[in-house]
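Peer 1:
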Amino acid sequence: MTALPLGGFLALSSALLGVGLFGILTRRNFVLLLIAIEIAMNAAILNFVYFAAFAPVPALGLTGQEIAVVLIGFAATEVAVGLAIVLALHRLRGSINVAQATDLNG
Amino acid sequence: MSFAGTVGPLVPEVIVLAAALLVFLLDVAGARRRELVGAISIAALAGALLVVLADLGFLPLAALRGLPPSVLNAVPAAGSAPLYTFGSLGLVFQGLFLLAALLVATASLSRASDERGAPIYYGLLLLATLGMLLVALASDLIFLLLAIEVTSLATYVLVGYTRRDARALEAAMKFYIVGALSSTLSFFGASLLFGAYGTTNLYALRAVAGSVGYPVLALLGYGILLAGLAFKTTLVPFHAWAVDVYDGAPHEVSAFLAGGTKKIGVFALFLVFLGPVLYVKAGGGSPFSGAPFDLGPTVQLTLAVLAVVTMTVGNVLALLQAEMKRMLAYSSISQAGYMLIGIAIGTSPALAGATLQVAAHVLMKSGAFLVVAAAAAIGVGPKIVDWQGLGTRRPWLAVAFALMLLSLAGVPLTVGFVSKFVLFSAAVQARGFFVWLAVAGLLNSALSVFYYARVLKVIFFEPAPGPLPARAGDVVGAAGPTPLGAGGIGYGRAVAIGVAAVLIVAIGLYPQPILGPIQSAAAHFVAGGA
Amino acid sequence: MLPLVPIVLASLLAGTVATFLAGRWARWVALATSAVFLAEVGGMFLSYSGWPGYNAQSVPGFAESVSYPWIRLPWMQVNFTVGVDGISLVLILLTAILQIATVVYSWKETKNPAAYFGLVSLTCLGSFGVFVALDVLLFFLFWEAVLVPMFFLIGVWRGPRRRYAALKFFVYTHVASIVMLVGLLATVFYSGATSLDFSAVAAAAPGLSPVVQTFLFLALFFGFAVKFPIVPFHTWLPDAHVEAPTGGSVLLAGLLLKLGGYGLIRWAVEVLPAGFLHDRPIVFAAAFVSIAWGSVVSLAQRDLKRMVAFSSINHMGIVLLAIGLDSSLGLLAAVLLMFAHGIVSALLFMSAGTVHHTFGTRDIPAIGGITPATPALATMIMAGALASLGLPALIGFPAEFTALLATWNGLGYLVLLPLGILVVTAAFYIWMMQRMLFGPPRGVPLGIHDVPWWEGVGMGLLVAVTVLFGILPGLLVNVITSSPVKGFPGT
Amino acid sequence: MSLPEIALALLAAVAIVTAASALLVRELVHTILWIGIFFVDLAAIYFLLEAPFLGVLQLGVYAGAVTVLLLFGIMVTRKRIFSREAATGIGVAPLALAALTVVVLATALDELPSGNVPIQAYPPTALSTDLFGAHGPWLLLLGLVMLVSVSGAIWLVREGRE
Amino acid sequence: MAVGVLIALGESLSPGTYTDVRFTWLHLPAPPPGHPGAFPNGFSLVMGTLVDPLSALMLVVVTVVGFLVMLYSIEYMRKERGLPRYYAELSLFLAAMNGLVLADNLLEFFLFWELVGLCSYFLIGFHYERPAAASAAKEAFLVTRVGDVMFLLGIFLYFAVYGAKGPGLGWAASGFLFVQGNHAFLAGVPAGNPTLLTVAGIMILGGAAGKSAQFPLDVWLPDAMEGPTTVSALIHAATMVAAGVYLLAVTSVFLGFTAFDSLLIVALGGITTFFAATMAVVQPDIKRVIAYSTISQLGYMVLAVGAGFTMVGLYHLFTHAFFKALLFLAAGAVIHAVGTQDLFRMGGLRKRMPLTAAAFAIGGLALAGIPPFAGFWSKDDLLAGVYSTLGSHPAYWPFFLLAFATVFLTGYYIFRAWFLAFSGEPRDPSLHAGHEGPWEMTVPLVILSALAVVAGLFVYLPGFQALLLHGGGVAGIPPVYGTTQLLLSAVGVSLAGGGILVAWALWGSGRIVPTPSAAPAAGMRRVLLARYGIKSAYDWLGATGVYTVARAADFFDRFVIDGAVHGFERAFGDLSERMRRIQTGLVSDYASYVVGGLLVVAALLLVVAPYLVGRFGGG
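Protein sequences, first through last, are from chains A, B, C, D and E.
Count the first sequence with this note's numbering and you get residues 36 to 141, in order.
Count the second sequence with this note's numbering and you get residues 1207 to 1736, in order.
Count the third sequence with this note's numbering and you get residues 35 to 525, in order.
Count the fourth sequence with this note's numbering and you get residues 97 to 258, in order.
Count the fifth sequence with this note's numbering and you get residues 2 to 620, in order.
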């Protein structure tokens, strides 16, 4: 049975969340924003996976993995809607740069 | 448990889902008339609402009950971790969600008849409602978050469903990005909670809230989860998207977002934070010290700060807002602050007050946005100054709108007053620093009077600049040739606005029929149910 | 036994709704409504003093009191509880008189008469509700309900800056109401009363610690002080008066200001006795400042309405002073003064309104010597001014006299301030009369008419009331003193 | 350090670098390459955590489907496949916000067990039994999410007749 | 009139105090047990009537003079517009004045006191279209208002002195009743707080000074001559202005003054007597001469009341009412005839208006105190009475001397007026050729002339003497005419005669051409015409002082208090504008708010809230 440091995983997922957030805050291309969100989402999934792996009670650990399964499916679905919006936006405005979509403000 | 066994009590949900599927099927079959799909949707929503009301124990409807009484407010056995349960507060919220959806669905009948996409519109509306209904049943964090996502995804599309409106698509884009970020944060927070407590079941979380093994991890989890849920509830500073989205979305969708889907965030906060809020452990100290730690007051204080900031910022931002929808959006943000007070206090009176505030807000804010839709249909522009003289040109519409604004401002004889009265009474009754919460809330509602009264001033005191532009049909859709009924407003909108206005006054006059069940539901909620 | 108060409320409500819907018959409906109201109130008034057995008492000490459950929560019981005692009855009588006088005075209102008369009725309905409410929520409900029609009355009909004034009025008084509501709620819940009924609150609240009471009283005091209004929270009043139509001014000065006084008596002084005693220095300071300020600033006013508005501040300052004395005589004086000021300020505002539409201005220096052209109007102005400055045989005198006597009894030589201010009050009225009524005609256009009959009847009614109760104040006093408060023997 | 630890360190480093690179490179197609590697790397971590089912799922859904979807998105919205992202400054404030978030999360490290913790492995059958049994509603909800997404996305993407 | 005289006759036959309480005006019942409060017995204000020697005397004055003035008005006012108003106001005045006289308590007294003041205000302003009349009316109202306010405070103070101390149904229950047999009652009551009593007296004196135009509240009365002459005769000579004296008399009888108060009253009377007379000396306006003389004579009465000779003061009031009304009505006849009030434009009227000239002369002689005319008897008694107190009250000396010196001035100024008006030749040809009025005007003159001659002799009627002697039981006429008193009379008559002689020498002998500038001592004359600057000081105080303060307060109100409200409003508006800038529309910014908010929430949860909770406790 392998043993690994719990804290290391937390550090990793935190770092990935940080990278994802950084991307969301700085990127202007909608697709890049989607990618950044996916990175952050993967950090959350990773959390479930390793907390499940380290869970003291097997039944609870199983739950974590199940959640991870569901979330992987969810994240992919979410991307589909995002891409649909990208396409609609692109069709209408010819640009998917979010910095150019600031008509609504104030 | 078999599937059949679990689906049994879910009559309203099944009705709504079936209607959504039916609408999609009809779409595929080519039957896309707005009246048809609208009627199906309205019938389904009304049916679901009746069932929910029956389940809540409104006597004349006892025959419609779908829920075995033994299930209602049943506390799950220790060790079992059901994903959803039937608490009466959840049913109350279901009723409110259905009411909001019903109002919007009815009003949407009046959208331009040549506008395409009625099936997808109503289908997504029904699916979003379904997500909301499921939120109200959730007893599991992941179930809750997924149900929220059902609604979220449906509304992302609803905001942009016209496809040809750049503003609406911009709104959808913003909505999506912030929404996706928030859902990510929610799941991340949930994962931390899962790590800290080893469970995602809300009952279990409540039960073990006291034995915090990893207080910092737990607090981080709650904090990030709060940030994620605050998106839906539009708490400051997680609110910024809401204004642009309400502004850019089709008016009926704005009504649905502000009056309906926003409330799932409120109920989610109720569900998630009741546990930590109720947990008090004398001792004090920092979560880092390893010593026993006051989880409850800490969470309460944080929620209270958020509530006050939300109310205040929302109101201040609304003060000089020039556009009607944005003003309503800011007002909606500040109203979220009031609702948050309920869970920050965490007593059953406070939750009852907050729930009534939610109910009030469903009527007021959906109603107000529907009035905006109606006004747009008769050619009133988006700016507040464009509303000059509405009081003389469309007195009934203006009076209904005035009722909604007065209710938002908390003027008596309206439901908005009763809800604030109960909520702040509960805050005062809880004593301690909650009294200051009440003071902050009331001062804020005083501040809000300024901009509501300003709108009333424009509508009633300032003369009309000239005749309305002769224009029938919707602003969003192309100019339709057929004039709408009910004075250009459309019968659907007129009915929805009328119902909202009547309910605002009726509940304002005699709230007991609503308030009594809400109070007992809140008491059940606090006592045992999640 | 018929529930008289709810019946009156219902009749007023029905009349109000009918007025709104009556179109061009609105004034007749409004007249009928107000006549019925006056008759009902008159009956209550007479039966109160003359036929004690007639009065039902489901709330001890309050006649005609009835209570119906309204909101029942485990932690909060709200009842629809109404009833009258002498104090409220006198103010209700004032309401009824002012309503019918306003309706008659405004008989030929042409701008949206249905809404106008409806709002007038609604204002009176709200005031009546405030005076009969014996439950925190009910009280607050009516209290706020008065704001809305008044907001529209100010905002729709007359002056150039009316929209600003309406907004200011609404926001200002609403803020105050909210502080008051917090105070009331805190009083209820800190005292442990689960029922919001007046009797329950009044029974439980005095048990609060004096420190708590002190703060609670301050909150309530602020709420009522804005309505009074007390300097420096008064600036909404001159603006509102100047911009409002005459009917609005009349109801504003005649009724709305009384709500503050009544609220203070019923919901603050009685409920929080210890807090009241602690905060009395503040009350007195506020009263003295208002008395002096209102009168001195009146002297500098050119606009007739503004002048009367500031004189209201002066008079209501005396009311506050009298309430602050915490004596039965002071209370009697306060109620008498409120009644007197209600009638007299209404009369003055009506005169000012007539001046405005007769001469096209209310600027005092701009017109002069109007007496030969409009003798009836001059007489009305004179009657109002003289009553307001406390001339005997008019209603102002017994009120001011008792107030000053009570002040002397309570505060000794501090009575010199209100006494001295009486001279200033006389000065600005007399000066106004000299400039406007007397001297060679100035700014009097040819071919003007004297007071039209409807306005004359409205004002004449008020003059009659002024004289009647000026000569026979006992009619009011006997009713007031049979209230079960503050050393009155009770019924 | 044991072998798994070294593997973890390497995989973690790769995950962070690839994620950052995906966001920072100017060539959008390179972004797709980097993010693909990132997803694969995460799958490797799942294998390391003895969750092979998840690893496979990750490879299939993320490294496969999502990456293709994203590539599709870039291709549709760009005239040339190898177009470059406009230079955007990194900005101090976003960097600080992101870094602060990491720091805040790191405060929880203190209270976690400092040593290595043994890893639990779960047979995929247990996973499926549970997922289709007691936790079935999650999947139902996921189905609902997909229903909404698909119907909505189709509506948005489908070219409407004028 | 008849009723008044009958009551007076009855009173003189059977002196005593008769009261008849009619009804309770305002009643505060006794509080229930447990609420002792300030009025354990409750509190009531009643309205009733009281007839005693004091009021009997006043009644005669009011009714007789009132009747005569009414009669006189028929012709005098014939050509005026607004006669209904005039007669209504005059009747109201008479009613109120009778009410005042018959009042049986201080409150009722005050009530009617205010009403007569109101009538005075209306009647002074009868010619309201004349700015001077309107202004004079305002002045009269406001100056007397100052007195009224002091009176009111005096009422409160007396109430405080006696109100709480009386037994049973006494003062406490009845308010301010003039209780029958008060002296005994008062004697039995320890006089409360002497300081309080003193201040009370001062306040009553202030009220009286306002109404009776005593220094320094005397400015309004000369200006009140803007009213019709009939009004001057009735209100501003015979009755209302005497009400102040009557108030002092009533107060001294029923309530009592302290020694200090008495001194103050004496001083005020003495000073007013003298200074008013000096101002009369140079007046060119016939009515104002008489007005100043009224003030001066009222000063005598005040002096007497202050010195303790209440009934003597009232006796002078009684005689003064007749001869002063006579003087006014005669002057009115002159004005009616020639259409001016300027003495220097008249002259030679004796030939055309012999009756009027004679009447004025009789009035003048009575005023000057030449025997056997009415004024002699009362003034002589008065001075003798005051003189008799000098032994025990040496502080009265200067005021006695002032009063005595005034006798000379009186003789001078009234005959200066007579000579200027009636002797010599007409000086202004542009005037109407005056003639006597019809019987409505002459009959009152004749009756009043007769009264001015004989009223003083009433003192020899036994009933009347008894009335005076028993009136109020305080002090009657000095019983014995000793050598000193005779000497005093002789000196007084000589002084008056001297005054008349000087007047003749200056104005009647024809040696000086009567023009306003012909009088000697021009500087002094300016000061006197300017009324010692008191009037302008009041005007400055009113117009500049108070009004400036009012303007400043108004400015403060508009720009500071309301400005603060506006500032509040503006501050929120600015805040709103500023905060709206965060709503940039850029979704990345919104996301950064989310992340920032997340950090804030984390900080709250991890650090701030635990600290606060630990510091202040939860909940």
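C-beta atoms are modelled at their ideal positions from N, C-alpha and C, and glycine is treated no differently.
#1: Taking only the alpha-carbon atoms, compute the straight-line gap between F1462 of chain B and Q216 of chain D and give it to the nearest angstrom.
#2: Please list the residues of the stretch 87 to 109 of chain A that have a C-beta atom closer than 8 angstroms to any C-beta atom in chain D, keeping them in chain order.
#3: Looking only at its chain, what residues have a beta carbon closer than 6 angstroms to the beta carbon of F44 of chain E, apart from the 5 residues adjacent to it on each side?
#4: Residues in its own chain within less than 6 angstroms of G96 of chain A by CB, not counting five upstream and five downstream?
#5: On the three-state DSSP scale, how would you describe Y1657 of chain B?
#6: Name the two residues that bound the continuous beta strand (DSSP E) containing S45 of chain E.
#7: Report yes or no: do three or more beta-carbon pairs, one from the stretch 482 to 489 of chain C and one from the stretch 139 to 156 of chain C, lie closer than 8 angstroms?
#8: Which of helix, strand or coil does DSSP assign to S121 of chain E?
#9: Can we say the stretch 1518 to 1529 of chain B touches the stretch 1582 to 1598 of chain B, given the rule of at least three CB pairs closer than 8 angstroms?
#10: Run down chain A in chain order and give the residues with a C-beta less than 8 angstroms from the C-beta of F1494 of chain B.
#11: Between the stretch 352 to 367 of chain C and the stretch 384 to 399 of chain C, do at least 3 Cβ pairs fall closer than 8 angstroms?
#12: When you compare each of E:I203, E:L107, E:K288 and E:L95 to F261 of chain E by their alpha carbons, which one comes out closest?
#13: Between which two residues does the beta strand (DSSP E) holding E570 of chain E run?
#14: Closer than 7 angstroms, Cβ to any Cβ of chain C: which residues of the stretch 108 to 132 of chain E, in chain order?
#15: Between the C-alpha atoms of G167 of chain E and F472 of chain C, what's the straight-line distance to the nearest angstrom?
#16: Use the C-beta contact count for D575 of chain E: other C-beta atoms within 10 angstroms, 16 or more gives buried, fewer gives exposed.
#17: Is there a Cβ from chain B that is less than 8 angstroms from the Cβ of P229 of chain E?
#18: For the alpha helix (DSSP H) containing P611 of chain E, name the first residue and the last one.
#19: Taking DSSP's pairing of strands, which residues face V112 of chain C in a bridge?
#20: Which class does H436 of chain E belong to by DSSP, given the choice of helix, strand or coil?
#21: Could you tell me the distance, in whole angstroms, from the CA atom of P1719 of chain B to the CA atom of F249 of chain C?
#22: Give the straight-line distance between the Cα atoms of I131 of chain A and N64 of chain A, rounded to the nearest whole angstrom.
#23: Is it true that the CB of V52 of chain E sits closer than 8 angstroms to the CB of F127 of chain E?
#24: Residue range of the alpha helix (DSSP H) that V251 of chain E falls in?
#25: Reducing DSSP to helix, strand and coil, say where E1668 of chain B ends up.
#26: Below 8 angstroms between beta carbons is the criterion; list the residues of the stretch 205 to 218 of chain C that meet it against any residue of chain B, in chain order.
#27: Roughly how many angstroms lie between the CA atoms of L187 of chain C and G288 of chain C, to the nearest whole one?
#28: Just the Cα atoms here: how many angstroms apart are L542 of chain E and K536 of chain E?
#29: Do you know offhand how far V513 of chain C's Cα is from S422 of chain C's?
#30: Quick one, which residues of the stretch 1337 to 1361 of chain B are near chain A if we go by CB-CB under 8 angstroms, in chain order?
#31: Check whether the Cβ of V596 of chain E lies closer than 8 angstroms to any Cβ atom in chain A.
Peer 2: A quick look at the data gives this:
#1: The residue you call residue 1462 of chain B lines up with position 256 of the second sequence. The residue you call residue 216 of chain D lines up with position 120 of the fourth sequence. Going by the C-alpha atoms only, they are around 45 angstroms apart.
#2: Answer set for the stretch 87 to 109 of chain A: A87, A88, F89, A90, P93, G96, L97, T98, Q100, E101, I102, A103, V104, V105, I107, G108 and F109.
#3: Mapped onto the fifth sequence, residue 44 of chain E falls at position 43. Here the set comprises L29.
#4: Working through the first sequence from its first residue, we reach residue 96 of chain A at position 61. These residues qualify, in order along the chain: A87 and A90.
#5: Counted from its first residue, the second sequence places residue 1657 of chain B at position 451. Helix at Y1657 of chain B.
#6: Counting from 1 along the fifth sequence, the entry for residue 45 of chain E is found at position 44. Counting along the chain, the beta strand (DSSP E) containing S45 of chain E begins and ends at F44 to V52.
#7: Because the criterion of three Cβ pairs below 8 angstroms is met, the stretch 482 to 489 of chain C and the stretch 139 to 156 of chain C touch.
#8: Indexing the fifth sequence from 1 puts residue 121 of chain E at position 120. S121 of chain E falls in the helix class under three-state DSSP.
#9: In this structure the stretch 1518 to 1529 of chain B touches the stretch 1582 to 1598 of chain B; the number of beta carbon pairs closer than 8 angstroms is three or more.
#10: Reading the second sequence from its first residue, position 288 is the one you call residue 1494 of chain B. Under a criterion of Cβ atoms nearer than 8 angstroms, no residue of chain A is adjacent to F1494 of chain B; the nearest Cβ is some 16 angstroms distant.
#11: Not touching, per the Cβ criterion.
#12: Residue 261 of chain E sits at position 260 when you count from the first residue of the fifth sequence. It is E:I203 whose Cα lies nearest to the Cα of F261 of chain E.
#13: As a first step, residue 570 of chain E must be located in the fifth sequence, where it is residue number 569. Where E570 of chain E is concerned, there is no enclosing beta strand (DSSP E), although the alpha helix (DSSP H) it sits in stretches over D563 to R581.
#14: Those residues of the stretch 108 to 132 of chain E that come within reach of chain C (Cβ to Cβ, closer than 7 angstroms) are L112, E115, L116, L119, G126, Y129, E130 and P132.
#15: Your numbering for residue 167 of chain E matches position 166 in the fifth sequence. Your numbering for residue 472 of chain C matches position 438 in the third sequence. Confidence in G167 of chain E is poor, its pLDDT being 44 and thus under 50, which makes the residue's placement too unreliable to answer from.
#16: Mapped onto the fifth sequence, residue 575 of chain E falls at position 574. By the neighbour-count rule (16 or more Cβ atoms within 10 Å), D575 of chain E is not buried but exposed.
#17: Sequence index remark: in the fifth sequence, residue 229 of chain E carries index 228 (1-based). When Cβ-Cβ separations below 8 angstroms define contact, P229 of chain E makes no contact with chain B.
#18: To locate residue 611 of chain E, count along the fifth sequence from 1; it is residue 610. Bounds of the alpha helix (DSSP H) holding P611 of chain E are A610 to F617.
#19: The residue given as residue 112 of chain C occupies position 78 in the third sequence. C:I105, per the DSSP bridge assignment.
#20: In the fifth sequence, residue 436 of chain E corresponds to position 435, counting from 1. In the structure shown, H436 of chain E adopts coil according to DSSP, grouped into three states.
#21: Position 513 of the second sequence, counting from 1, holds the residue named residue 1719 of chain B. Position 215 of the third sequence, counting from 1, holds the residue named residue 249 of chain C. Computed Cα separation, rounded: 35 angstroms.
#22: Residue mapping note: residue 131 of chain A aligns to position 96 of the first sequence, counting from 1. Residue mapping note: residue 64 of chain A aligns to position 29 of the first sequence, counting from 1. When the Cα atoms are used, I131 of chain A and N64 of chain A turn out to be separated by approximately 6 angstroms.
#23: Position 126 of the fifth sequence, counting from 1, holds the residue named residue 127 of chain E. Position 51 of the fifth sequence, counting from 1, holds the residue named residue 52 of chain E. Contact flag unset, no.
#24: Reading the fifth sequence from its first residue, position 250 is the one you call residue 251 of chain E. It spans A243 to F255 - the alpha helix (DSSP H) in which V251 of chain E sits, taken as one unbroken run.
#25: Looking up residue 1668 of chain B in the second sequence gives position 462. E1668 of chain B: coil per DSSP, three-state reduction.
#26: Under the 8 angstroms Cβ criterion, the stretch 205 to 218 of chain C contributes V205, H208, V209, I212, V213, L215 and V216.
#27: Position 153 of the third sequence, counted from the start, is the residue given in the question as residue 187 of chain C. Position 254 of the third sequence, counted from the start, is the residue given in the question as residue 288 of chain C. Approximately 14 angstroms, taken between the alpha carbons.
#28: Here residue 542 of chain E refers to the residue found at position 541 of the fifth sequence. Here residue 536 of chain E refers to the residue found at position 535 of the fifth sequence. Approximately 10 angstroms, taken between the alpha carbons.
#29: Within the third sequence, numbered from 1, the residue matching residue 513 of chain C stands at position 479. Within the third sequence, numbered from 1, the residue matching residue 422 of chain C stands at position 388. Using only the alpha carbons, I get a separation of about 23 angstroms.
#30: Residues of the stretch 1337 to 1361 of chain B that bring their beta carbon within less than 8 angstroms of a beta carbon in chain A comprise I1348, L1352, E1355 and L1359, in sequence order.
#31: As a position in the fifth sequence, residue 596 of chain E is number 595, starting the count at 1. So yes, V596 of chain E belongs to the interface.
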